[in-house]
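Q: Respectively, the protein sequence lines represent chains Z and X. Note that this note's numbering has the first sequence beginning at 1, numbered continuously upward. Note that this note's numbering has the second sequence beginning at 1, numbered continuously upward.
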Amino acid sequence: MKIIILGAGQVGTSVAANLVSEANDITVVDRNSELLRALQDRFDLRTVLGHGAHPDVLRRAGAEDADMMLAVTNSDETNMVACQVAHTLFKTPTKIARVRSPGYLDHPQLFGPDALPIDVRISPEQLVTEYILRLVQNPGTLQVLDFAGGRVRLVAVRAYEEGPLVGHALRTLYEHMPDVDTRVVAIYRQDRAIQPDGHTVIEANDEVFFIAAPEHIRAVMSELRRLEKPYKRLIFAGGGNIGTRLARATEQDFRVKIIERDPQRARQIAESLERTIVLQGDAADETLLLEENIENTDVFCAVTNDDEDNILSAMLAKRLGAHKVMALINRPAYVDLMQSGRIDVVISPQQATIGTLLKHVRRGDVVEVHSLRRGAAEAIEAIAHGDPHSSQVVGRAIEDIRLPKGTLIGAIVRGDQVLIAHHDTVILPEDHVILFLQDKRRVPEVERLFQVAVTFL
Amino acid sequence: MLPPQFLVPARIERDVSITSKKRLLELLARRLADADPALHFDKVFDRLLERERLGSTGLGHGVALPHARMKGLREAIGAFVQLRTGVDFDAIDQKPVDLALAMLVPESATEAHLQLLAQLAARFDEERLRTQLRNAKSAEEILQLLSGSHA
Numbered sequence: 001m002k003i004i005i006l007g008a009g010q011v012g013t014s015v016a017a018n019l020v021s022e023a024n025d026i027t028v029v030d031r032n033s034e035l036l037r038a039l040q041d042r043f044d045l046r047t048v049l050g051h052g053a054h055p056d057v058l059r060r061a062g063a064e065d066a067d068m069m070l071a072v073t074n075s076d077e078t079n080m081v082a083c084q085v086a087h088t089l090f091k092t093p094t095k096i097a098r099v100r101s102p103g104y105l106d107h108p109q110l111f112g113p114d115a116l117p118i119d120v121r122i123s124p125e126q127l128v129t130e131y132i133l134r135l136v137q138n139p140g141t142l143q144v145l146d147f148a149g150g151r152v153r154l155v156a157v158r159a160y161e162e163g164p165l166v167g168h169a170l171r172t173l174y175e176h177m178p179d180v181d182t183r184v185v186a187i188y189r190q191d192r193a194i195q196p197d198g199h200t201v202i203e204a205n206d207e208v209f210f211i212a213a214p215e216h217i218r219a220v221m222s223e224l225r226r227l228e229k230p231y232k233r234l235i236f237a238g239g240g241n242i243g244t245r246l247a248r249a250t251e252q253d254f255r256v257k258i259i260e261r262d263p264q265r266a267r268q269i270a271e272s273l274e275r276t277i278v279l280q281g282d283a284a285d286e287t288l289l290l291e292e293n294i295e296n297t298d299v300f301c302a303v304t305n306d307d308e309d310n311i312l313s314a315m316l317a318k319r320l321g322a323h324k325v326m327a328l329i330n331r332p333a334y335v336d337l338m339q340s341g342r343i344d345v346v347i348s349p350q351q352a353t354i355g356t357l358l359k360h361v362r363r364g365d366v367v368e369v370h371s372l373r374r375g376a377a378e379a380i381e382a383i384a385h386g387d388p389h390s391s392q393v394v395g396r397a398i399e400d401i402r403l404p405k406g407t408l409i410g411a412i413v414r415g416d417q418v419l420i421a422h423h424d425t426v427i428l429p430e431d432h433v434i435l436f437l438q439d440k441r442r443v444p445e446v447e448r449l450f451q452v453a454v455t456f457l
Numbered sequence: 001m002l003p004p005q006f007l008v009p010a011r012i013e014r015d016v017s018i019t020s021k022k023r024l025l026e027l028l029a030r031r032l033a034d035a036d037p038a039l040h041f042d043k044v045f046d047r048l049l050e051r052e053r054l055g056s057t058g059l060g061h062g063v064a065l066p067h068a069r070m071k072g073l074r075e076a077i078g079a080f081v082q083l084r085t086g087v088d089f090d091a092i093d094q095k096p097v098d099l100a101l102a103m104l105v106p107e108s109a110t111e112a113h114l115q116l117l118a119q120l121a122a123r124f125d126e127e128r129l130r131t132q133l134r135n136a137k138s139a140e141e142i143l144q145l146l147s148g149s150h151a
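Written out as structure tokens, the structure is:
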């Protein structure tokens, strides 16, 4: 695919890094020649110096031939105008823009074929907020991802000694809970992937990925570890866009505090929030954390825009007794560094955002992509079309589908019905099929599997 | 045999120089949209792109058969483009495409339309036809070759 990326900042760079490894033809546009040079040193891509919304610049970047434009400069206005120019002058098929300001996002009628022609709006802050919310609502999880509009979820969790299933073969899980339909799709043991089957024995400390309908998640987790009580007390460090959105979304059901350093900002958000207690101060201040009963806090989540601050305050909160600590970390190197350390959950905005882009790059009717394990693995929701003649999956039982190595079908969503995959489940046209790929290099094979034949009409 | 009025010289272009799948589909969509005042370029282009997303219509041997169902259309219509050099089309054999026959059919496509598509796919399997289309010197000659009326 020919893709133009506008903006060589953090988002643009991480997107380029992700897409360039997949044999895409990428051109990055930015006004900063140093950022472009740094990109060109690291990746095999083309760069164009200039203002991303300008027709001449876009033409030089190959807009006439591009299949997709990703406008992710730090200016909402540049991104929106660039999409309009691409649409009107170059008929660019897919236009994706980062739009952060709620001032625009609150008016969906601004977007559409007769208004701003932007096919997909990405608000990283909103995606990160939703990602954290799902973690807060599902105690003890490392990751919770939605498929088919939330009808089925993929959950990552660490297994502990006290879980009844630990030390036993997986099939006992299915025997223990005949009424709960679930499928374990991957197990990571000391960072190595294990392809699970009924005989696989779960060990303590395994990272287990399972698929289940939302109402069954707690039952499955109770087999893998001591069940945690629903969280009650939350502290968010940082009163920026993410912290404020999180507080607004949780203040009715939880006891929420926000720690914000800037007095003016603290006053401002205190006025806009109803029940949240806004504290003005430094989230890495031991005295403040102790005064605020950090040892009785269920979740301490650091979401300032400073990686170092988030890492330090989360580590301190953990040492002072916070039950669960989470930190938002932008820099990929820090994410890797902190992943298996003192911080319970590391949240990478890039990881939380990239799936939204990848689903538009994937061939076949792919409607959801979640990038997992720092990009090494992937979970995909694809719609099966056609009939047994024009499709390689429709009309076939799962055991007869030739899946690439390390790939599992976890569930099928048929209309409103969630079917956990069994070996004899037959795929019907328009089924949403949810797959787990241990190795994202197998993506092209899965794409081919779901593509219809030339004569499909 | 092609249906009458399926293809006319005005919707056949040869020796075209373009450099991407996107531009090739754009050109085909323009020619198809010109065929009927009820058709809009944006819609036709979108429909062709949507179908490509489900799976490439690149047949192999440098031939593609982009197609889509179209609301408001009563008869199937086609457009043909012969390129000077092939473009990457994500085809089955990964070979660049230099011969493309696009086709729009009514929203409620019938068995006859399915057969037309299958028949066209089968005809492009003949190496002789492909060579003749590549060497053709005029739109009329291409039309004759595709109609099969010369043989």
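C-beta: ideal position from N, C-alpha, C; glycine also.
So, with DSSP's three-state summary, where would you put X:M70?
A: X:M70 falls in the strand class under three-state DSSP.
Q: Can you tell which of Z:H432, Z:M221, Z:S391 and Z:E430 has the C-alpha that lies nearest to the C-alpha of Z:G163?
A: Out of Z:H432, Z:M221, Z:S391 and Z:E430, Z:M221 has the C-alpha closest to the C-alpha of Z:G163.
Q: Given a threshold of 16 other Cβ atoms within 10 Å of its Cβ, counted over all protein chains shown, does Z:A397 qualify as buried or as exposed?
A: With fewer than 16 other Cβ atoms within 10 Å, it is exposed.
Q: Using CA coordinates, which residue listed in Z:P113, Z:L145 and Z:T27 is at the minimum distance from Z:T356?
A: It is Z:L145.
Q: What does Z:G167 touch in chain X if you count any residue whose Cβ is under 7 Å from its own?
A: Under the 7 Å cutoff, chain X gives no residues; its nearest Cβ is about 46 Å from Z:G167.
Q: In chain X, what lies closer than 7 Å to Z:H199 by C-beta?
A: By Cβ distance, chain X contributes nothing, its closest Cβ being about 37 Å from Z:H199, past 7 Å.
Q: Identify, in the order they occur along the chain, each residue of the same chain with its Cβ nearer than 7 Å to the Cβ of Z:L116, setting aside the five sequence neighbours on each side.
A: M80, C83, Q84 and L110, listed in sequence order.
Q: Between Z:P93 and chain X, is there a C-beta pair that is closer than 8 Å?
A: Z:P93 counts as touching chain X.
Q: Identify which residue in Z:G410, Z:D424 and Z:V426 has its Cα closest to the Cα of Z:I434.
A: Measuring from the Cα of Z:I434, the nearest candidate turns out to be Z:G410.
Q: So which residues on chain X does Z:L457 lean against when the C-beta distance must stay under 8 Å?
A: Per Cβ cutoff of 8 Å: H67, R69, V105, A109, H113, L114 and L117.
Q: In chain X, what lies closer than 8 Å to Z:K2 by C-beta?
A: Chain X residues near Z:K2: S20 and K22.
Q: Between Z:L289 and Z:A317, how many whole angstroms is the CB-CB distance? I'm expecting something under 8 Å.
A: Indeed they touch by this definition, with Cβ atoms about 6 Å apart.
Q: Going by CA-CA distance only, name the one from Z:G103, Z:R171 and Z:M68 that's closest to Z:N24.
A: Nearest C-alpha to Z:N24: Z:M68.
Q: Might you give, ordered along the chain, the residues of its own chain that have their beta carbon closer than 6 Å to the beta carbon of X:S147, omitting 5 neighbours on each side?
A: L2, listed in sequence order.
Q: Apply the 10 Å Cβ neighbour rule to X:R158 and answer buried if 16 or more other Cβ atoms are within range, or exposed otherwise.
A: As displayed, chain X neither begins before 1 nor continues past 151, which places residue 158 of chain X out of reach and without an answer.
Q: Taking the beta strand (DSSP E) that Z:E260 falls in, what are its first and last residues?
A: Where Z:E260 is concerned, the enclosing beta strand (DSSP E) stretches over R255 to E260.
Q: For Z:H385, return the contacting residues in chain X, with the cut-off set at a CB-CB distance below 9 Å.
A: Those within 9 Å of Z:H385 in chain X are L54 and G55.
Q: Using the beta-carbon of each residue, which ones in chain Z are nearer than 8 Å to X:L59?
A: Result: V454.
Q: Along the chain, where does the alpha helix (DSSP H) that runs through X:V44 open and close?
A: Per DSSP, X:V44 belongs to the alpha helix (DSSP H) from F41 to L54.
Q: Can you name the residues that DSSP bridges to Z:Q40?
A: Answer is none; Z:Q40 lacks a bridge partner.
Q: Determine the DSSP secondary structure at Z:K318, reduced to helix, strand or coil.
A: Correct three-state label for Z:K318: helix.
Q: Indicate the three-state DSSP secondary structure (helix, strand or coil) for Z:Q392 in the structure shown.
A: Here Z:Q392 sits in coil by DSSP.
Q: Can you tell me where the alpha helix (DSSP H) holding Z:V278 begins and where it ends?
A: Element bounds for Z:V278: not the alpha helix (DSSP H) but the beta strand (DSSP E), I277 to Q280.
Q: How long is the line joining the alpha carbons of Z:Q350 and Z:E130, rounded to whole angstroms?
A: Each residue's Cα considered, the two are about 14 Å apart.
Q: Report all residues from its chain with a CB closer than 8 Å to the CB of Z:R245; omit the five preceding and five following residues, and keep chain order.
A: Cβ neighbours of Z:R245 beyond the five flanking positions: E125, Q126 and T129.
Q: Assign X:A121 to one of three DSSP states: helix, strand, or coil.
A: The answer is helix: DSSP assigns X:A121 an H, G or I state.
Q: For Z:V20, which residues of its own chain have a beta-carbon under 8 Å away from its beta-carbon, when the five flanking residues on both sides are left out?
A: Excluding residues within five positions, the ones whose Cβ falls inside 8 Å are I26, F43, D44 and L45.
Q: Starting from the Cα of X:E50, find the closest Cα among X:H67, X:A38 and X:L116 and give me that residue.
A: It is X:H67 whose Cα lies nearest to the Cα of X:E50.
Q: Ordered along the chain, which non-local residues of its own chain (more than five positions away) have a Cβ less than 7 Å from that of Z:A38?
A: Cβ within range, chain order: n/a, list empty.
Q: Would you identify the three-state DSSP class for X:P106, choosing helix, strand or coil?
A: Strand at X:P106.
Q: Terminal residues of the continuous alpha helix (DSSP H) containing X:S147?
A: Residues A139 to S147.
Q: How would you list, in chain order, the residues of chain Z whose beta-carbon sits under 7 Å from the beta-carbon of X:A76?
A: Within 7 Å Cβ-Cβ: nothing; X:A76 doesn't reach chain Z, min ~10 Å.
Q: Please report how far the alpha carbon of Z:L227 lies from the alpha carbon of Z:G140, in whole angstroms.
A: Rounded to whole angstroms, Z:L227 to Z:G140 spans 8 Å at the Cα level.
Q: Give the straight-line distance between the Cα atoms of Z:T92 and Z:A63, rounded to the nearest whole angstrom.
A: Spanning the two alpha carbons is a distance of roughly 7 Å.
Q: Alpha helix (DSSP H) containing Z:S355: first to last residue?
A: One point to set straight first is that residue 355 of chain Z is Gly, not Ser, in the sequence displayed. P349 to V361 is the extent of the alpha helix (DSSP H) around Z:G355.
Q: Look up Z:M326 in the DSSP assignment and give the residues it is bridged to.
A: Answer is Z:C301 and Z:V345, bridged to Z:M326.
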